[in-house]
């Protein structure tokens, strides 16, 4: 199933204050043209700070980006911040209970308004000169303003924000890609049973990976390297991502177990009316996505050593713990796992051309009691270990692709989602560069 | 009162060894043209390393810059060094007792001659190959020199230096702006009673602010943010910098107290023959300046919790401790406070495009005894706290102006000296770029 | 004695994936043209990151570079790695006992294969997806490879490697300079008596110098600064590098002692048939070199406080400990000292435009027993101290040449090898830029 993307053109904003990226954009396009389909990107795509500026401009400032969930801003005045390169976004729940997003920059002298990643405010007060904004962004207080400055024009700059079944997305473009609704319609029925709006944050870990954001994403998009994740393989089937004919002989028994688990899971889902089929449109649309419910190994319930649940109290109105894993991938920066007992969200956020923040958040039912219904160490063990392992892989790859001896190599057949990610990236760069 | 500036043209030095800044200079000029008067500078002026190179070339290598006072080099052989970006200047008192300035670079292989910020030497001996220079800069010793190298042409490169009532200024340009004398004539009568030549250094603190040097200066040029300086507000009137009609109702009582203190101060000054009137020419001339004697709050003597003096022995031949504060601002990098009991000097010195050294020096009478006449902790408490607070404001602002979501905002009416600083900066860049 | 260099032309490799260095190359050529013979290089040659990229391209990726000795990879599977800027080279002894060199980059996704500086492997297994290569570089294992990817074309990229009397050199160019054989023929008879192939590594120290690689080399090429090396001067004559007429009066007695020691050494060498005469061709050929056997001061045997030997067991079949020092300089990155009791090798390896790794290795007879025949602290004391002193000199010089007040100065007559190094560098840049 695929859906046609579309988006209106918009005029370029002129002026010296906007850096001219014409030359690096042309360079990036030439590099993308050089790429052989099914093979990796040229090294400069990951290592050149100017090309990273193009990425920020054409991807991170134009596409929908996952930033967190409603569980992170439960009450009016609660906020979270994310940095997309040097652009900081303030996401907060306003006094009416709606979640909004603003540029995290004072309209006076430009001071960063909020420095913390999470917190709670009454009004938004700049620490420098105490300009004060309401939670709706309106400028409420700014003494000795000159006559030519109209307070009504000096509210916080707004950022587009959408809530998809409790997941929050922002877009810095004046006119965002218009297909998020379409994708939301597809994925919401999959997510709804996990009732993210009724969860709370059990844990959140920020990890800096020493690599370009695309290496972080490529690393996530395949399990060809999963031998390097012993903890994860307790519950993730080792043949994840392999087509039937690709399963090596040594994994035949594992795969047979997977097939049996899949049959069992699909029967359960059908009986409960839970959607499970693969829907995927990873490349052609701005909001590239892939959603599917898949079995887990062992007890089939969660990311634990035995595959058993990690939270006693299940999410929403679920009563069956053995629902495997709802996997949702969205371009350009996220992947989700929703089990019956908890949800894990991942946001990859570019810091510099060669460093990326991976923010991992574990959501459990809002009424689950820490120490009673779940143990934070146990809940987070698998993905803390897996993330650290992935960070090491990404760092090794960043060093290698920066080497003049690097030449792009072929993706294996198990890396089709890496190819899809890279193709999505190339398509967006070409589209946005042509505007 | 304003005075007409002037300066002779000078030819550009050609050759590949001088980096070509034509393109970034054009970019900076375009950004300055985009600026709306009374509103802030575009973000790139603070964040772009190439534009910082233009600042170094057109401001820091062409204008008079404050580097310290004669109290820092009291004896022959005593020296101080300052870094203006990557340019290091060695200021030392020669064997005849005159203060001179040199490039802090050996003429042989280029080694940094002196690495410390202060010290004392007999001759200046390069640590690498022991080339030896007199305190007048002449090359005294360099063994095995080839015949084509004339020692008389290999003395240290000189830097223009001027002493204004004990304050030391250097200029790296071959032909410095010629209006320092004019400004010196104006400000010397204000400074002379504080007898800087008869002081000693009681304390000096180097603080690195994580922001562009212009943010450091803009921060200094207004007290619109002084609610963030509780220690300073013990002695600085909270209505500092406000015109009569700008005083908000909540500060009316404070302002009335200020007006009474001002009348008292001016009467005292007139009786003693001390100049006090505001003279200001901040924008049009290379040596933009502002000088005025103003009352302090509380006891009206010094920057203490009560406004009382911090040094028992007064400066020079002063006998009245209640002289408020002589405030002197000079573009591009300094501000001074001279009280009856001590002087504080501030030099802002650019390290990189996003970091600035603020060197604060407390001067007391040369005969004042530490522990008897003053306590260093008490003497320095107000400005150490205030500087740390300002460093935090500057860092927040650097983060915000680097954000693509930043747009310049309007200066309040209390920020007219910020507007003056920015206008001075734009005028100098335009003037020097046109040479 | 000089030998004519030659090298075939080779076509440039086009495409956006190779950064375009046309403009910085032109800039570097202009700077080299500005240089006055016998005077230093303009500052930008040491400080500009873009010009450093040109150095990497035209020097480090085109010339023969010393990387270590056979003693560092004694057994099949033993490897060492070196970084030439961002290019990592893996040098290992294959299963047949031959030493080979490869790009240290996986052919699949580009991960760095080996992160350590030394180690031992059976096969070379990439840590990311377990692609496996033999010690001959052939791809042995890569599951789920797509049909269009031919494993035979996915072996490790080879790097040219040569063994000269046990010293290992690599060249990243497709067609290396062809004069290494010629130089090897000259220097091998000098090196052979020290039997490097029969040594082992007694110690290795990696030191990062905070300066451009050329400053590291220039520092090495003269002893005009040796007053700064008190430990070294115990065994190195203080008139090293001076012509007869350059010896200053204060060193006359030292020089007479040197002349007597030299006569004694040459007589011994002649009696043993050891070559000792100076052969030098430092500038004109790609593999610029200088070789000579010279006396040491004191007991004349080794780099110790007394000049006495540091290792009881002598190298190879040598029986006379008093052989002074065989000095071998090779452009662009190395110098060697071979005594009767041990050999010290030095590799200067560029990390960034302003930092350089100096790797120092002490080789002793393979059968010498630590703690019995030698003490590691004593063996390494002189050069550890000397290297630290040189690192400080280099750091001071990097700061100074980055100063806009720097102007190139004249080399003294004692710095003729610095002039030779700089001339060699300029000649190579011009040659390679013209290809």
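Protein chains in written order, with the numbering used here: chain A, 49 to 483; chain B, 49 to 483; chain C, 49 to 483. Note that beta-carbon positions come from the ideal geometry of N, C-alpha and C, so glycine has one too.
Residue i (DSSP reduced to helix, strand or coil)
| i | result |
| --- | --- |
| residue 354/A | coil |
| residue 75/B | helix |
| residue 436/A | helix |
| residue 157/A | coil |
| residue 49/A | Unreliable positioning characterises residue 49/A in this predicted model, as indicated by a pLDDT of 35, which lies under 50. A coordinate reading is not provided. |
| residue 179/A | coil |
| residue 271/B | coil |
| residue 287/B | coil |
| residue 367/C | coil |
| residue 344/A | coil |
| residue 385/B | strand |
| residue 330/A | coil |
| residue 206/C | strand |
| residue 418/C | strand |
Amino acids of chain B, ordered along the chain, whose beta-carbon sits closer than 7 angstroms to that of residue i
| i | result |
| --- | --- |
| residue 156/A | 457 |
| residue 153/A | 448, 451, 453 and 454 |
| residue 128/A | The premise fails here: residue 128/A is roughly 16 angstroms from chain B at the closest Cβ pair, so nothing lies under 7 angstroms. |
Residues bridged to residue i [DSSP beta-bridge criterion]
| i | result |
| --- | --- |
| residue 412/A | 248/A |
| residue 215/B | 117/B and 212/B |
| residue 458/C | 87/C |
| residue 398/C | 404/C |
Beta-carbon neighbours of residue i, restricted to chain B and to distances below 8 angstroms
| i | result |
| --- | --- |
| residue 450/C | 134 |
| residue 90/C | 64 and 65 |
Chain A contact residues for residue i, given Cβ-Cβ distances below 7 angstroms
| i | result |
| --- | --- |
| residue 75/B | 64 |
| residue 79/B | 64 and 65 |
Partners in chain C for residue i, counting only beta-carbon separations shorter than 8 angstroms
| i | result |
| --- | --- |
| residue 445/A | 157, 158, 159, 160 and 176 |
Under 7 angstroms from the C-beta of residue i: neighbouring residues of chain C
| i | result |
| --- | --- |
| residue 401/A | Within 7 angstroms Cβ-Cβ: nothing; residue 401/A doesn't reach chain C, min ~14 angstroms. |
| residue 205/B | 453 |
Cβ pair residue i, residue j closer than 8 angstroms
| i | j | result |
| --- | --- | --- |
| residue 191/C | residue 460/A | yes |
| residue 128/C | residue 256/C | no |
| residue 216/A | residue 147/A | yes |
| residue 171/B | residue 193/B | no |
| residue 220/B | residue 462/B | no |
| residue 138/A | residue 161/A | yes |
| residue 392/C | residue 408/C | yes |
| residue 477/B | residue 106/B | yes |
| residue 427/C | residue 372/C | no |
| residue 425/C | residue 375/C | no |
| residue 16/C | residue 466/C | Residue 16/C is absent from the model: chain C starts at 49 and stops at 483. |
| residue 103/A | residue 124/A | no |
| residue 208/A | residue 179/A | no |
Amino acids of chain B, ordered along the chain, whose beta-carbon sits closer than 9 angstroms to that of residue i
| i | result |
| --- | --- |
| residue 148/A | Neighbours of residue 148/A on chain B: none; closest Cβ ~15 angstroms, over 9 angstroms. |
| residue 334/A | Result: empty, since nearest Cβ-Cβ is about 20 angstroms, beyond 9 angstroms. |
| residue 460/C | 156, 177, 190, 191, 192, 193, 194 and 197 |
Neighbour list for residue i in chain C, Cβ cutoff strictly below 9 angstroms
| i | result |
| --- | --- |
| residue 86/A | 194, 196 and 197 |
- Item | Within 8 angstroms of chain B by C-beta, residues of the region 108 to 125 of chain A in sequence order | 109
- Which residues, in order along the region 263 to 274 of chain B, keep a beta-carbon less than 7 angstroms from a beta-carbon of chain A? 272 and 273
- Message: Beta carbons nearer than 7 angstroms to chain C: which residues of the region 416 to 445 of chain A have them?
- Response: 441, 444 and 445
- Got a sec: which bits of the region 272 to 303 of chain A sit with their beta carbon under 8 angstroms from any beta carbon on chain C, in order along the chain? 272, 273, 275, 276, 290, 294 and 296
- Can you list, in chain order, the residues of the region 220 to 231 of chain A whose Cβ is nearer than 7 angstroms to any Cβ on chain C? none
- Got a sec: which bits of the region 318 to 349 of chain C sit with their beta carbon under 9 angstroms from any beta carbon on chain A, in order along the chain? none
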